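Heads up: the structure comes next, in structure tokens.
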Ligand code: DX5
Ligand code: ZN
């Protein structure tokens, strides 16, 4: 199933409630919340109060993308604030902590995702794929909205999709960064099925429905 996950990083923070309504009215099922700590990435976005505020005004699936060091320290708190999916970065933890983080997230009954930055190889994810719900292939260097889609990351989408199929795993593959009317098709063709849109959703000239945006993948 294909979905869009609008990223509130590109929204008008002063109007967050209305921006969430805009997502609901588009027919999207997800809202993507980018948590940045100024350490794992060179930018600081927002944290727990924003997740809680969003949870307080919507039933959308809250898709937390943790671009932070030691993401495993915050799992309980993300869940308490209302996360439905927690995606952390492979680069942020060693193997033991990755395994424990997946277990902890799953034990709480929510979905676990692992993300890789553009320079990280797809193969590092293989040992974890059977146990997780989603892989997030970054299509820009994480940290900022409004960057250009890196087409060479598509090889990794293809590899992860192939690997998941080879083990009979139904895996969501999310792409994030520079997704627009054109790049969404490239990513979909490579095997991605969840498309994060920041600029492409909130700064679009004309507000489109999720269905209209997904039509570009056909
Ligand atoms: C970037 C974030 C993205 C960002 C995408 O590090 O992870 O989710 O909001 O923004 P656009 O769609 O503008 O590239
Ligand atoms: Zn993101």
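Residue numbers (the working numbering): 952 to 1169.
All residues carry an ideal CB built from backbone N, CA and C; glycine is no exception.
Owing to the predicted nature of the structure, the values given are computational and were not obtained by experimental measurement.
Leaving out the 5 sequence neighbours to the left and right, which residues in its chain are closer than 7 Å to residue i when beta-carbon positions are compared?
{"i": "residue 952", "result": "1144"}
{"i": "residue 1030", "result": "1059, 1061"}
{"i": "residue 1008", "result": "968, 971"}
{"i": "residue 1076", "result": "1041, 1065, 1067, 1086, 1111"}
{"i": "residue 1108", "result": "1088, 1124, 1126, 1138, 1141, 1142, 1143"}
{"i": "residue 996", "result": "960, 985, 986, 987"}
{"i": "residue 975", "result": "1009, 1011"}
{"i": "residue 1083", "result": "1053, 1063, 1064, 1065"}
{"i": "residue 1079", "result": "1049, 1053, 1065"}
Pull the bridge partners of residue i from the DSSP assignment, please.
{"i": "residue 1062", "result": "1036"}
{"i": "residue 957", "result": "1148"}
{"i": "residue 1086", "result": "1065, 1124"}
{"i": "residue 981", "result": "1012"}
{"i": "residue 986", "result": "1017"}
Which same chain residues, not among the five before or five after residue i, have their C-beta less than 8 Å away from its C-beta?
{"i": "residue 1023", "result": "1039, 1044, 1048, 1051, 1052, 1055"}
{"i": "residue 1071", "result": "1041, 1042"}
{"i": "residue 1098", "result": "1091, 1092, 1128, 1129"}
{"i": "residue 990", "result": "1019, 1020"}
Once you ignore the five residues that flank residue i on each side, which residues in its own chain have a CB closer than 6 Å to its CB?
{"i": "residue 954", "result": "980, 981, 1145"}
{"i": "residue 1035", "result": "1012, 1013, 1061"}
For my contact list, residue i and residue j are in at a C-beta cut-off of 8 Å; report their separation, rounded to the angstrom.
{"i": "residue 957", "j": "residue 983", "result": "6 Å"}
{"i": "residue 1158", "j": "residue 973", "result": "7 Å"}
{"i": "residue 1081", "j": "residue 1037", "result": "About 18 Å; that fails the 8 Å criterion."}
**Complete runs of the alpha helix (DSSP H) confined to the stretch 994 to 1032 [at least 4 residues]** = 999 to 1006, 1026 to 1032
**Message:** Can you confirm whether the stretch 1007 to 1014 touches the stretch 1102 to 1122 when touching is taken to mean that 3 or more C-beta pairs between the two stretches lie within less than 8 Å?
**Reply:** At 8 Å Cβ cutoff, the stretches do not touch.
**Message:** Between the stretch 969 to 979 and the stretch 1146 to 1164, can you find at least three pairs of beta-carbon atoms closer than 8 Å?
**Reply:** yes
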